[in-house]
Amino acid sequence: MSTLRPLEKVMKYTRNPIFLIFTILLGLVLIARPFGLSDQAEQPGLPFGPTKGALAPLISTQNFGGDNVNLESLKGKIVVINFWASWCPPCRAEMQAFQNVSKQYDPSEVMIVGLNSTFQDDLGQAEAFIAERQITFPIWLDLNGEITRLYQVRAMPTTFFIDASGIVKNVMIGGPLDEAVITITIEEMLGEVQEQ
Amino acid sequence: MNSVIQIGPLSIPAAPLFWLLGFWIFSETTERMAKKADLDAKKIINLIYLSGLIGLIGARLGYFFQFPAAFLSNPLSFISPRPYLLSIEGGALFGGLAVLILAQKWQIPLLKLLDTLAPGLAFWFAAIGLAWHAGGDYIGSPTNLIWGMDYLGSIRHPVNLYWSVGFGFTGFYAMTTWQETRSAGDLSLGVGLLGSLAALLHSSFLSNPSNQGVSSEQVIIFIGLLFFAVIIFLRNRKSQ
C-alpha cells in the first residue's frame with residue numbers, strides 16, 4: 015500500500031474549499047460543452063445501427079411467399095423483429111408467445127416480424143415448423159446472412175424492438191421470451207408515442 | 003454492440019454478467035471496508051444480500067404495478083430469471099429502504115454504514131458502465147480525440163468507458179483515502195461529489211444530433227454535485 019501514499023496525500027485536498035470550487039467549475043465546463051466546446055460537428059439525424067438509440071438498419075428481402083418486403087415500408091408502426099432458426103430450441107419455444115402477442119395488436123400499429131436465418135437453416139424445416147405452429151405473422155428470410163451481419167446477431171434468438179420512427183428501443187439477446195416481456199416492451203413504446 | 007459470451011452451445015449476453023460482477027465486487031469491497039471500520043462484517047454482508055434481494059423484488063414489482071394485467075395473464079413472468087422487466091427506480095427504492103430499515107433494526111450507525119458502502123457502490127457503478135458498453139447503450143458524440151472509438155460509422159467518445167473510469171477512480175479514491183479518524187459521512191459525501199462528476203462526464207459527451215442544449219439529466223446531476231460540495235464545505239467549516 016506504500017505506493018499509494020502520494021495519491022493519498024493529494025486526495026486529502028478534497029476537503030479544501032478550492033478543490034470544491036474547482037469541482038463545481040469543472041462540472042459547469044462539462045455542461046457548457048454543448049454550447050460550442052464540441053470537438054467535432056455532429057451530423058444531423060441519428061446514426062444507423064443495431065443498438066439502442068440508433069436507427070434500425072434498413073432491410074430489404076423476401077418472405078416465405080417469395081414477395082419482396084422491406085423494413086422502410088413499416089415506418090410509422092412499432093416493429094418487433096425476432097431472429098430465429100428452426101434448429102434453435104429457445105426460438106421454437108418463444109414462437110407461440112410472439113404469435114399470441116401479434117394477435118393482441120392491430121397490424122397497422124404493431125407488427126411482429128419473424129426473421130428466419132435461412133442461410134443457416136433448412137427452408138423446408140422452417141416452413142414446416144411455421145405451418146405446424148400456425149404462425150400467422152410475417153416471416154422474412156435472410157437468404158445470404160447479410161441481415162444477420164447487419165444486425166450483428168451473435169446468438170439465436172435475438173429480438174429487436176423498433177419504435178414508430180425507426181429507432182431501436184430494445185435488444186433482447188437469448189430466449190425464450192415470454193408474453194409478458196414482449197407485451198410490456200411494446201406497451202412502453204406505445205406509451206412513449208402517446209406522450210409525444 | 004450486443005456482446006455475447008459463448009460457452010459451448012450457451013450464448014450469454016455480456017451486459018447482465020457485468021451487473022453481477024459489479025455486485026460481487028461491491029460485496030467484496032464492502033466486506034473489506036466494514037472490517038476497516040470496525041463494523042461487524044458478517045452483519046454488513048447479510049444486509050447487502052438481503053437488501054439486494056429485496057431490491058431485485060422491488061425492481062420486478064416496479065413493472066408489476068405498471069402492467070399488472072400482463073403479469074396476471076403470465077404469472078410465471080414475475081419470477082423469470084431473465085434480466086428484463088427490472089425497473090432501476092423500483093430496485094433502488096426497495097433496496098435503499100431495506101438498507102435503512104435493516105441498519106436501524108440491527109443498530110448499525112447509518113453514516114458509518116454509508117461510508118462502508120460508498121467505495122463498493124462506486125465500483126459497482128463502474129461495472130454498470132462496462133455493461134452499457136457491452137450492450138451498446140448510449141451513443142457518444144463524434145470526436146477527433148485519439149481515444150475515440152469507431153462506432154456506428156463515426157469515431158465517437160466512449161461515453162460508457164468515461165463513466166466506468168470516473169466511477170472506478172472514485173472507488174479507488176475512496177479505498178485509498180480511508181481514515182479511521184475521519185468523521186462519519188465524509189467518505190460517502192466525497193464519493194457522491196466525484197461520482198456526480200463522472201456522471202456529468204458521461205452525459206455531456208452523449209450524442210446530440212438535434213443540437214439540444216443542456217439536458218434535464220445534466221441539470222439534475224449538477225444539482226447533485228452542488229449539493230455534495232455545499233454539504234462538504236459546511237461540515238468542514240463546522241468541524242473547524
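Chains as they are written, first to last, in the numbering used here: chain Z, 15 to 210; chain H, 3 to 242.
Built from N, CA and C at the ideal position, the CB exists for glycine as well.
Model, not experiment: these values are computed from the prediction.
Between the CA atoms of Z:I200 and Z:E206 - distance to the nearest angstrom: Between Z:E206 and Z:I200, the C-alpha separation is close to 10 Å.
Counting only C-beta atoms, is Z:P31 closer than 9 Å to chain H at any point? Answer yes: the Cβ-Cβ gap between Z:P31 and chain H drops below 9 Å somewhere.
Find the residues of chain H that neighbour Z:K66, judging by a C-beta separation of less than 9 Å, and give them in chain order. Simply G137, G138, D139, Y140, I141.
Within 10 angstroms of its Cβ, does Z:T150 collect 16 or more other Cβ (buried), or is it exposed? By the 10 Å Cβ count, Z:T150 comes out exposed.
Nearest-angstrom Cα separation, counted from H:L189 out to H:D117: Answer to the nearest angstrom: the Cα atoms are 5 Å apart.
Is the Cβ of Z:T233 closer than 9 Å to any Cβ of chain H? A question about residue 233 of chain Z goes unanswered here, because the residues of chain Z that appear run from 15 up to 210.
Determine the chain H residues that contact Z:I198 at a beta-carbon separation under 9 Å, and present them in chain order. In chain order: Y65, Q68, F69, A72, F73, S79, Y86, L87.
Boundaries of the beta strand (DSSP E) in which H:M151 is found, first to last residue: Run containing H:M151: 151-153, per the beta strand (DSSP E) assignment.
For the stretch 164-179 of chain Z, which residues have a beta carbon sitting closer than 9 Å to at least one beta carbon of chain H? When C-beta distances to chain H are compared with 9 Å, the residues of the stretch 164-179 of chain Z below that value are Y165, Q166, V167, R168, A169, M170, T172, in chain order.
Which residues in chain H sit within 9 Å of Z:D192, going by Cβ to Cβ distance? What Z:D192 touches in chain H: N76, L78, S79, S82, R84.
Quick test of your reading: Z:F78 and Z:S131, contact by CB under 8 Å. State the CB separation rounded to the nearest angstrom. Rounded, the Cβ-Cβ distance is 14 Å, inconsistent with contact.
Starting from the Cα of H:V6, find the closest Cα among Z:A142, Z:V167, Z:N184, Z:D135 and give me that residue. It is Z:V167 whose Cα lies nearest to the Cα of H:V6.
So which of H:N76, H:R84, H:D42 has the shortest CA-CA distance to H:A61? Nearest to H:A61 by alpha-carbon distance, out of H:N76, H:R84, H:D42, is H:R84.
Could you say which of H:A231, H:L132, H:L196 lies nearest to H:S166 if we only look at CA atoms? It is H:L132 whose Cα lies nearest to the Cα of H:S166.
Interface partners of H:N4 on chain Z, CB under 9 Å: In chain order: P64, T65, Y165, Q166, V167, R168, A169, T172, V185, I187.
Are there 16 or more other CB atoms within 10 angstroms of the CB of Z:E123, so buried, or fewer, so exposed? So Z:E123 counts as exposed.
Which word fits H:S75, buried or exposed, when buried means at least 16 other C-beta atoms lie within 10 angstroms of its C-beta? Exposed: under 16 other Cβ atoms inside 10 Å.
Mind the definition here: the stretch 44-57 of chain H touches the stretch 160-178 of chain H only if three or more C-beta pairs lie below 8 Å; say whether that holds. Contact between the stretch 44-57 of chain H and the stretch 160-178 of chain H is absent: fewer than 3 CB-CB pairs across the two stretches fall below 8 Å.
Measuring only the C-alpha atoms, how far is H:L19 from H:K240? Roughly 44 Å between the two C-alpha positions.
When you compare each of Z:R147, Z:L39, Z:G189, Z:I95 to Z:I181 by their alpha carbons, which one comes out closest? With respect to the C-alpha of Z:I181, the residue from Z:R147, Z:L39, Z:G189, Z:I95 having the closest C-alpha is Z:I95.
Where Z:C254 and Z:I92 are concerned, what is the direct C-alpha to C-alpha distance, given to the nearest angstrom? This structure cannot settle anything about residue 254 of chain Z, because the visible part of chain Z is limited to 15 through 210.
Assuming contact is defined by CB atoms lying nearer than 9 Å, are Z:G80 and H:P15 in contact in what I supplied? Contact check for Z:G80 against H:P15 fails: the beta carbons are separated by 9 Å or more.
Under 9 Å, Cβ to Cβ, is there at least one residue of chain Z near H:V161? Contacts with chain Z at 9 Å (Cβ-Cβ) do not include H:V161.
Pull the bridge partners of H:D158 from the DSSP assignment, please. Looking at the sequence shown, residue 158 of chain H is not Asp but Arg. H:P144, H:M151, per the DSSP bridge assignment.
Contact criterion: CB-CB distance below 9 Å. Does H:L23 meet it with respect to chain Z? False, the Cβ-Cβ gap to chain Z never drops below 9 Å.
Z:I95: contacting residues in chain H (beta-carbon distance under 8 Å): Here the premise fails: no neighbours, minimum Cβ distance about 13 Å.
Separation of H:A120 from H:T32, as counted between CA atoms: Computed Cα separation, rounded: 8 Å.
So who's on the other strand from Z:L129, going by DSSP bridges? The partner list for Z:L129 (beta bridge, DSSP) reads Z:F97, Z:W154.
For Z:T75, the three-state DSSP class (helix, strand or coil): Residue state, collapsed to three classes: strand.
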